[in-house]
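Per my numbering, the very first residue in the sequence shown carries number -16; after that it's consecutive.
Note that the Cβ used here is the ideal one computed from N, Cα and C, for glycine as well.
All figures in this text were calculated on a predicted structure; none of them were measured in a lab.
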Amino acid sequence: DAHCVFINGAEGQMIPGDKRMPKIPASHQKAIDIGNGIADVALTLFDKTVSTNAVGLSFGQKSVDLKTKRDSNRFPEAQRIIQLHAEGKDEEIHPFRKQAMYMLAESRQIVRLEKADQDYISTFVSAVAFCGFALAGIPGEPFNGIGLGLKENSPFAVTLPCCLVNGCSGYFPMQDAYDEGGYEARSSRYKAGVAEQIVAEGIQLLNELR
């Protein structure tokens, strides 16, 4: 009669499938299949767990100001791209449709940020530590590098990064994702460096809870 809670980790650039294979329509059954796969792995580890012999509970939250992509110089071009899409002229944005969609996503963010006069977005990283474990909460969709950075530098024996905690602030891509120019980096509201900042702030918070 045990009850379990599944908390999604650093998953900002992950998908539950292989894009090289034929696309399978999303369905409730697919979600069940993924859940069963996770449960199978958890059950194989269940009997191998050992007590940390640690006690105590602590928690905290840290304010973080993230630099946005707001750029008044790019605003006119962003408006032009959005208008071209509205007119069904995606090929004039870019000859490759996927790239056109990436540019459109970024343009929409630039327009939103300019209209909102938003140079920074304030949010929070959070953490809960108990019995030698720590849950590191990230208020958006962190890339794997954020999860690895938190785990490798945490003072706790086990640290579990958790996505979409107390907020839904979009993608937090690593520097290499900005260099590559993929969808998540193009559509993110933030300038490069956002992921590294979250790791640094998260580690500082975890050290304060130790």
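Alpha carbons only, please: which of the options is nearest the one belonging to residue i?
i      : options                        : result
Phe107 : Gly0, Lys81, Asn149, Gly165    : Asn149
Gly165 : Val38, Gly0, Gly(-5)           : Gly(-5)
Ala160 : Cys151, Asp1, Ser170           : Ser170
Asp48  : Leu189, Asn190, Leu192, Arg172 : Arg172
Met86  : Ile(-10), Glu167, Asn190       : Glu167
Ala37  : Phe139, Ala178, Asp54, Gln187  : Phe139
Pro59  : Gly43, Thr35, Gln92            : Gln92
By a C-beta neighbour count over all protein chains shown, 10 Å radius and 16 as the cutoff for buried, is residue i buried or exposed?
i        : result
Tyr154   : buried
Tyr103   : exposed
Thr27    : exposed
Pro215   : A question about residue 215 goes unanswered here, because the residues of the chain that appear run from -16 up to 193.
Cys(-13) : exposed
Leu192   : buried
Pro31    : For the record, residue 31 in the displayed sequence is Lys; it is not Pro. Its Cβ having fewer than 16 others within 10 Å, Lys31 is exposed.
Ser109   : buried
Glu163   : exposed
Lys52    : buried
Within this structure, are the beta carbons of residue i and residue j separated by less than 8 Å?
i      : j       : result
Ile76  : Val94   : no
Pro156 : Phe113  : no
Val182 : Leu133  : yes
Cys151 : Gly185  : no
Ala119 : Leu143  : yes
Ile15  : Pro(-1) : no
Kindly say whether residue i, judged by its beta-carbon, lies nearer than 8 Å to any beta-carbon of chain C.
i      : result
Ala110 : Although the question refers to chain C, the structure presented lacks it and comprises just one protein chain.
Segments assigned alpha helix (DSSP H), at least 4 residues, entirely inside the region 72 to 120: 73 to 76, 80 to 99
Cβ pair count under 8 Å reaching 3, the region 16 to 27 against the region 78 to 97: no
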